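Step one of this worksheet: look at the structure below.
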DNA sequence: ACTGTAGTGATTTTT
DNA sequence: TCACTACAGT
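Numbering (the numbering used here), first residue to last: 23 to 757.
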């Protein structure tokens, strides 16, 4: 077979990685070094050169987006379908295994997956059941605890809680009751999928052996993001039988706070047999100055595997640093730069504004709106997370599995049908006492005539509604089922009644859900990246659709327009690239976050986050910080981020050179009026004078304060309307 | 069932 | 500051 297409157009290290013998291999892939390319080409190499059957390849990613991209590129390169290959996220692959082997895994055949929102609701119910005081032990803390334990592979029963450790004893109690509630409802949360998949191997040696025979090679993307249970799952599956190719970058590990173990990369080198390592250091994305800056920054971190990005490309522009007076000034500056860039014939889609925390987006958004610049904020609510969608899905879940308490809990009185708190209490108590699901409890109470009056009527009404919906939609197409459910349940009407535009939007979303169901069935799903149906399994379309909704974000396709700026957190920018990038809020306390100040490891992760941010930029990078920032209602005066100081100064261009207007002011901060015509000492500039600033244009000097090189001049700029703007160290010329 | 108010807490997020 | 929650009152 002609194989040149697999190895052509690769650089030396890429080619080495792709064509390495099929044994354990670690590919240390720097940002923008073509790691997906290497993974895809390696799969093609294994199949077309080493003669592996496509079915014997297992390729694991973290996000659906990455999995979808990989599938697409494999098909493009190999001109074959990826249908037989196992390419998916850890969670979707775990789900696929558990759907097949639910018996061996000891779970319900029709188990449903719940997201963290439903998980929290369930935990709240457990609290009520156990009469735990929420004030003492916040719900979120229990959720954090449970997920953390599962990520480490620990069950509630494994925990050794000393009698005096009240925290641990309480958490264990909650974890235990939560486990039971999940068991009762046939519910699996995200962490449980992974834990069960791991236990599946441990408890069923024959099954493990079967899959070790089946998979001849395992490939893992973003290995630095694996947590303990994911590593363990891979470790057991691979054993000494299945070689692995892992790709990762320790310098881009930014998810330690949610359990990712950066050391898993080093562990791989120790735990797996004869691993070889190849570094991909040639970068095809950024200019030399950007790469040099990133390299020098990350060099401040200890214990790196070590890697230096280089490029054959241009030196490029310096990194521009802007010291804004406050967050509004910063936002205005960024918007001005974008408009300047757009006016030079560039597209706004090529520009991204990145920030450390979501709270920062608001001011930026305001500035964009004021300047009528189109933008889109990334992150936040996923399609399947919206209230109305979750409600609709809960009805569908209940149709698929009556025992799904999380679903029942959500819709039993949505829309309101007069089932009051008292009735619910009775129902829950009965369910707990009998250790049965809410649905079973309702059935019990209704048939035993132990309810009276209104409670009986309303609960009976709900019971009949679900049965009726089920009967009505038997044999229907999926989309008809969805459509029927949102209408007959009264959900559509309920949301339509909501006042304002919100109601309208919700109705639209519900219609979009029907549409999504239609497209899901016909296999033309633009909402989705998943499409990970197991051809060997007979799962109802509804179940498949619900799995999809649980495991996939359902992100809408990018807009038709290519003229909007993108705003996102540094975390969600990982894996992306933009010609023009702004890193905003480069201040101590914000970035690095004050929460990371205590532990060195957390600070290192912040530094890696900055490294990720810098390496997103292809052509031009701006960084900015605000001297004063309003945060949580009070003004904070932050120092410039240490990360700025860690950059090579020769690649930095300060848009406000400090030296150009250093004002030795010995007097107290002044409140002098602009009319006074007082000279600011040693500057030759007087209050009331007209000045020109190279970025802001013309203005009037109206005040100064501070002393020494801390002095600030306050200038009222004409083009800023009546706004006051204080500019420190500004380069000014008199006009 | 809806509405008002007082209290609270506030990186980062995928599945 | 502000957005979200729990709870009390109608």
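From the three backbone atoms N, C-alpha and C, an ideal C-beta is built for every residue, glycine too. These figures come from a predicted structure and were not determined experimentally.
Applying the 10 Å Cβ sphere with the 16-neighbour rule, what's the burial state of residue i?
i, result
"residue 296", "exposed"
"residue 406", "buried"
"residue 76", "buried"
"residue 148", "buried"
"residue 451", "exposed"
"residue 160", "exposed"
"residue 758", "There is no way to answer for residue 758, as the model of the chain reaches only from 23 to 757."
"residue 271", "buried"
"residue 28", "buried"
"residue 544", "exposed"
"residue 570", "buried"
"residue 391", "exposed"
"residue 214", "buried"
"residue 67", "buried"
List the endpoints of the continuous beta strand (DSSP E) containing residue i.
i, result
"residue 650", "639-653"
"residue 348", "341-348"
"residue 109", "108-111"
"residue 270", "266-270"
"residue 326", "Where residue 326 is concerned, there is no enclosing beta strand (DSSP E), given that its DSSP letter is neither H nor E."
"residue 211", "209-211"
"residue 388", "Careful: residue 388 lies outside any beta strand (DSSP E), inside the alpha helix (DSSP H) at 383-392."
"residue 80", "79-83"
"residue 414", "Per DSSP, residue 414 belongs to no beta strand (DSSP E); it is in the alpha helix (DSSP H), 409-422."
"residue 239", "239-242"
"residue 504", "Not the beta strand (DSSP E): residue 504 falls in the alpha helix (DSSP H), residues 500-510."
Rounded to whole angstroms, what's the CA-CA distance from residue i to residue j? Just pull it up for me.
i, j, result
"residue 536", "residue 334", "50 angstroms"
"residue 115", "residue 59", "22 angstroms"
"residue 520", "residue 202", "37 angstroms"
"residue 723", "residue 661", "25 angstroms"
"residue 667", "residue 139", "41 angstroms"
"residue 527", "residue 533", "10 angstroms"
"residue 695", "residue 710", "Residue confidence is low: residue 695 scores 42 on pLDDT, short of 50, so the model does not pin down where it sits. Its coordinate-derived value is still stated next. About 8 angstroms."
"residue 244", "residue 273", "11 angstroms"
"residue 583", "residue 197", "47 angstroms"
"residue 218", "residue 294", "23 angstroms"
"residue 110", "residue 101", "19 angstroms"
"residue 436", "residue 513", "7 angstroms"
"residue 130", "residue 474", "33 angstroms"
"residue 602", "residue 644", "8 angstroms"
"residue 549", "residue 191", "For residue 549, the predicted structure reports a pLDDT of 43, less than 50, and the residue's modelled location is therefore unreliable. A value from the coordinates is still provided. Those two C-alpha atoms are separated by around 43 angstroms."
"residue 53", "residue 599", "10 angstroms"
"residue 449", "residue 146", "16 angstroms"
"residue 126", "residue 112", "19 angstroms"
"residue 119", "residue 82", "14 angstroms"
Can you check which of these residues, the options, is closest to residue i by C-alpha distance?
i, options, result
"residue 605", "639, 271, 574", "639"
"residue 268", "86, 291, 280, 250", "291"
"residue 320", "672, 664, 712, 677", "664"
"residue 105", "92, 117, 113", "92"
"residue 485", "594, 340, 460", "460"
"residue 802", "465, 396, 254", "Outside the displayed span of the chain (23 to 757) sits residue 802, for which this structure offers no information."
"residue 144", "430, 438, 133", "430"
"residue 635", "312, 43, 37", "312"
At what residues does the alpha helix (DSSP H) containing residue i begin and finish?
i, result
"residue 156", "Premise fails: residue 156 is in no alpha helix (DSSP H) and is neither H nor E."
"residue 92", "86-100"
"residue 428", "427-433"
"residue 59", "57-70"
"residue 41", "Taken as a continuous stretch (DSSP letters only), residue 41 belongs to no alpha helix (DSSP H), as it is neither H nor E."
"residue 253", "250-260"
Which of the three DSSP states, helix, strand or coil, is assigned to residue i?
i, result
"residue 192", "helix"
"residue 377", "strand"
"residue 519", "coil"
"residue 599", "coil"
"residue 618", "helix"
"residue 661", "coil"
"residue 25", "coil"
"residue 459", "coil"
"residue 569", "helix"
"residue 275", "coil"
"residue 301", "strand"
"residue 282", "strand"
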